[in-house]
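A.B. asks:
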DNA sequence: GCTGTTTGCTAACGGTGTTCACTAAAGCGT
DNA sequence: ACGCTTTAGTGAACACCGTTAGCAAACAGC
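Chains as they are written, first to last, in the working numbering: chain A, 78 to 342; chain B, 78 to 342.
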């Protein structure tokens, strides 16, 4: 295992005795985020309003300020939850196949990513779309940390792939010194750096991620809606290219219609 | 030239005598869109308000309803203008190199696309980002048509590439019948269909566009900001891969700093 | 039971999109 | 040049929104 430890939540301060008060507080905060999320999917990002959320839970808007520092902060918290949810969905799909079949695990995970995105387009947009002008004061760390946790989901698979020596590393001559520096920074920030992970591998990972991101974004944002009704063939084609470059065995999806296991909701 | 005619604006009804009244009307509409665009770049998409626009031009908000059917429609119009502007920028860059040097033209155009996107991130988000819940009644056709015009900018280059037989068409066995149908629909809608353009070529075009879209979106939306400061090396690397697949000669950018010619603004 | 903290409320300010009724002006036909 | 029609633009109003300030009730710990 090359990865530096990333999946340890209990490094925090001791959390003994949630102290009834904290418990109910946590509960209402969860309710707030839940309702906000419903409004998000129902009326879009702009349709989330503190007043509406408060109304729906029998409160008034100013009361919410005891839990959230503003509408922007609320959306950040919701986004963070979404990242966790997406990570869970991918992990669940990953866990649904034989653990030693790396090829199938990769394939399944990537399809699960797309599947979740298609089933939750508005949420996906909030997570991976442009971050409008984020009101300078807003604290983005919750979403960023959740995004990193999500990234880790793929990192461990990629790490496995790397350990199995599936793909040839690209010619290091193609990697300029500055690119190498950027890649190193990327790996460090994500906890994906380890003595035995060369920058060439990080390069491959970045490229693959960007390609996956591109095809899913294109599909979910609907920028080819007016031109192509079903983008699954194109996705599968791109997926095949991707996996081939990674030395992973591709196989067409089984279910012709909607695919990708998802236990949640 | 394989392309069906796409660049003829005068197919419309005869537009003799703009009739003073129509002229001033067009002028104020242009002013409205201009101010809205300024507010867009200054305060983000959510920062565009009819009242603010009206105020800035010495009017009241309801007056704008003589020109625009609502805030959403206004944003659609602005987006349409942006597509035209982007198309012009790319075309200008394309025209700045020797017309017969197809390789350099492609390279220059693609870099111009990224360059414009980086210089106009908010606008790019409005054009290529998620279309939030677009208020069912809104008419998107202006933006869609402008987007098609923009697409044509790249189509003619790709067409040239195809005519020169630069790249090997992918194995037609990889293209399932349904994918073929989708690709055909894509080509038809875009006016990119012609007797001598095989679906395999459309496939290549789509794939390339998705990859370009992915890397530029990733960069402009800033999803790797916290992890990678300068994404130019990654872009150039992906560009190199892309062009290699297309049989186009790659060469590193000349100016180390900001690049891509842009005569506008 | 008293005290300090937490929670939620009301009131208020300034901002928004949008509709409606209305005036004033510009254009046009004769 | 007159009158009529179309258009441009206004003001008031309604229903929302985010956010702040001040205040009352509920709660926790001593």
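Note that the Cβ used here is the ideal one computed from N, Cα and C, for glycine as well.
Using the C-alpha atoms, what's the distance from residue 117(A) back to residue 135(A)?
C.D. replies: Answer to the nearest angstrom: the Cα atoms are 19 angstroms apart.
A.B. asks: Taking its Cβ as the centre, do 16 or more other Cβ atoms sit within 10 Å of residue 96(B), making it buried, or is it exposed?
C.D. replies: Its Cβ having fewer than 16 others within 10 Å, residue 96(B) is exposed.
A.B. asks: Using 10 angstroms around the beta-carbon of residue 101(B), count the other beta-carbons present and answer buried if the total reaches 16, otherwise exposed.
C.D. replies: It counts as exposed.
A.B. asks: Between which residues of its own chain and residue 315(A) is the CB-CB distance below 6 angstroms, once the five residues before and five after are set aside?
C.D. replies: The answer, listed in chain order, is 292.
A.B. asks: Mind the definition here: the stretch 229-247 of chain A touches the stretch 254-274 of chain B only if three or more C-beta pairs lie below 8 angstroms; say whether that holds.
C.D. replies: No: fewer than three Cβ pairs fall under 8 angstroms.
A.B. asks: Taking only beta-carbon atoms, is residue 219(A) less than 8 angstroms away from chain B?
C.D. replies: Not an interface residue.
A.B. asks: Straight-line CA distance for residue 248(A) to residue 311(B)?
C.D. replies: The alpha-carbon atoms of residue 248(A) and residue 311(B) are separated by roughly 15 angstroms.
A.B. asks: Does the CB of residue 298(B) have a neighbour CB from chain A at under 8 angstroms?
C.D. replies: For residue 298(B), the answer is yes, since a Cβ of chain A falls inside 8 angstroms of its Cβ.
A.B. asks: On a CA-only basis, which of 281(B), 233(B), 299(B) is nearest residue 194(B)? Give me that one, please.
C.D. replies: The option with the nearest alpha carbon to residue 194(B) is 299(B).
A.B. asks: Comparing alpha-carbon positions, which option in 265(B), 161(B), 317(B) lies nearest residue 288(B)?
C.D. replies: Ranking the options by Cα distance to residue 288(B), first place goes to 317(B).
A.B. asks: How would you list, in chain order, the residues of chain B whose beta-carbon sits under 8 angstroms from the beta-carbon of residue 161(A)?
C.D. replies: Under the 8 angstroms cutoff, chain B gives no residues; its nearest Cβ is about 17 angstroms from residue 161(A).
A.B. asks: Residues of chain A with CB closer than 8 angstroms to the CB of residue 307(B), please, in chain order.
C.D. replies: The answer, in chain order, is 255, 259.
A.B. asks: Whose CA, out of 151(B), 105(B), 305(B), 155(B), lies closest to the CA of residue 261(A)?
C.D. replies: For residue 261(A), the nearest C-alpha among the options comes from 305(B).
A.B. asks: Name the chain B residues that come within less than 9 angstroms of residue 327(A), Cβ to Cβ?
C.D. replies: None at all; the shortest Cβ gap to chain B is about 11 angstroms.
A.B. asks: If we count the other Cβ atoms within 10 Å of its Cβ and call it buried at 16 or more, is residue 236(B) buried or exposed?
C.D. replies: So residue 236(B) ends up on the buried side.
A.B. asks: Should the stretch 199-217 of chain A be called in touch with the stretch 112-132 of chain A, which here means at least 3 C-beta pairs below 8 angstroms?
C.D. replies: Segments in contact, yes.
A.B. asks: With a threshold of 7 angstroms on Cβ separation, who are the neighbours of residue 110(A) within its own chain once the five nearest residues in sequence on each side are excluded?
C.D. replies: Closer than 7 angstroms at the Cβ level, and outside the excluded window around residue 110(A), lie 154, 155, 158.
A.B. asks: Applying the criterion that 16 or more other CB atoms from any shown protein chain within 10 Å of the CB defines a buried residue, is residue 290(A) buried or exposed?
C.D. replies: So residue 290(A) counts as buried.
A.B. asks: Any idea if residue 143(A) is buried or exposed, counting beta-carbon neighbours within 10 angstroms, 16 or more meaning buried?
C.D. replies: By the 10 Å Cβ count, residue 143(A) comes out exposed.
A.B. asks: Output the boundary residues of the alpha helix (DSSP H) element that contains residue 124(B).
C.D. replies: Looking at the DSSP string, residue 124(B) is not in any alpha helix (DSSP H), and its letter there is neither H nor E.
A.B. asks: My guess is that residue 140(A) and residue 150(A) are in contact by the Cβ rule of under 8 angstroms, so how many angstroms apart are they, rounded?
C.D. replies: Actually they are not in contact, since the Cβ atoms of residue 140(A) and residue 150(A) sit about 15 angstroms apart, beyond 8 angstroms.
A.B. asks: Please classify residue 178(A) as buried or exposed, where buried requires at least 16 other C-beta atoms within 10 Å of its C-beta.
C.D. replies: Result: exposed.
A.B. asks: Can you find a C-beta in chain B that's less than 8 angstroms from the C-beta of residue 227(A)?
C.D. replies: Not an interface residue.
A.B. asks: Buried or exposed: where does residue 99(A) fall if 16 or more other Cβ atoms within 10 Å of its Cβ makes it buried?
C.D. replies: By the neighbour-count rule (16 or more Cβ atoms within 10 Å), residue 99(A) is not buried but exposed.
A.B. asks: In chain A, which residues lie with their C-beta within 7 angstroms of the C-beta of residue 207(B)?
C.D. replies: Result: 202, 206, 298.
A.B. asks: Under 8 angstroms between C-beta atoms, does residue 266(A) make it to chain B?
C.D. replies: With 8 angstroms as the cut-off, residue 266(A) counts as an interface residue toward chain B.
A.B. asks: Less than 8 angstroms between the beta carbons of residue 303(A) and residue 223(A), yes or no?
C.D. replies: No; because the gap between Cβ atoms is not below 8 angstroms, this pair is not in contact.
A.B. asks: Kindly say whether residue 232(A), judged by its beta-carbon, lies nearer than 8 angstroms to any beta-carbon of chain B.
C.D. replies: It does not; no Cβ of chain B falls within 8 angstroms.
A.B. asks: Can you check whether the C-beta of residue 290(B) is within less than 8 angstroms of a C-beta belonging to chain A?
C.D. replies: Closer than 8 angstroms to some Cβ of chain A, the Cβ of residue 290(B) qualifies, so yes.
A.B. asks: Tell me the DSSP secondary structure of residue 214(A) in three-state form.
C.D. replies: Coil at residue 214(A), not helix or strand.
A.B. asks: Within the stretch 141-190 of chain B, note down every full alpha helix (DSSP H) run reaching 4 residues or more, in order along the chain.
C.D. replies: Qualifying alpha helix (DSSP H) stretches, in chain order: 148-172.
A.B. asks: Can you pull the chain A neighbours of residue 315(B), defined as C-beta to C-beta under 7 angstroms?
C.D. replies: By Cβ distance, chain A contributes 284, 287.
A.B. asks: Using the beta-carbon of each residue, which ones in chain A are nearer than 7 angstroms to residue 66(B)?
C.D. replies: No answer is possible for residue 66(B): it lies beyond the span of chain B, which begins at 78 and ends at 342.
A.B. asks: For a minimum of 4 consecutive residues, which ranges assigned as the alpha helix (DSSP H) are wholly contained in the stretch 198-271 of chain A?
C.D. replies: Qualifying alpha helix (DSSP H) stretches, in chain order: 198-205, 218-240, 254-266.
A.B. asks: Once DSSP output is grouped into helix, strand and coil, what is the label at residue 340(B)?
C.D. replies: A caution first: residue 340(B) carries a pLDDT of 49, below 50, which makes its placement in the model unreliable, though a value can still be read off. Coil.
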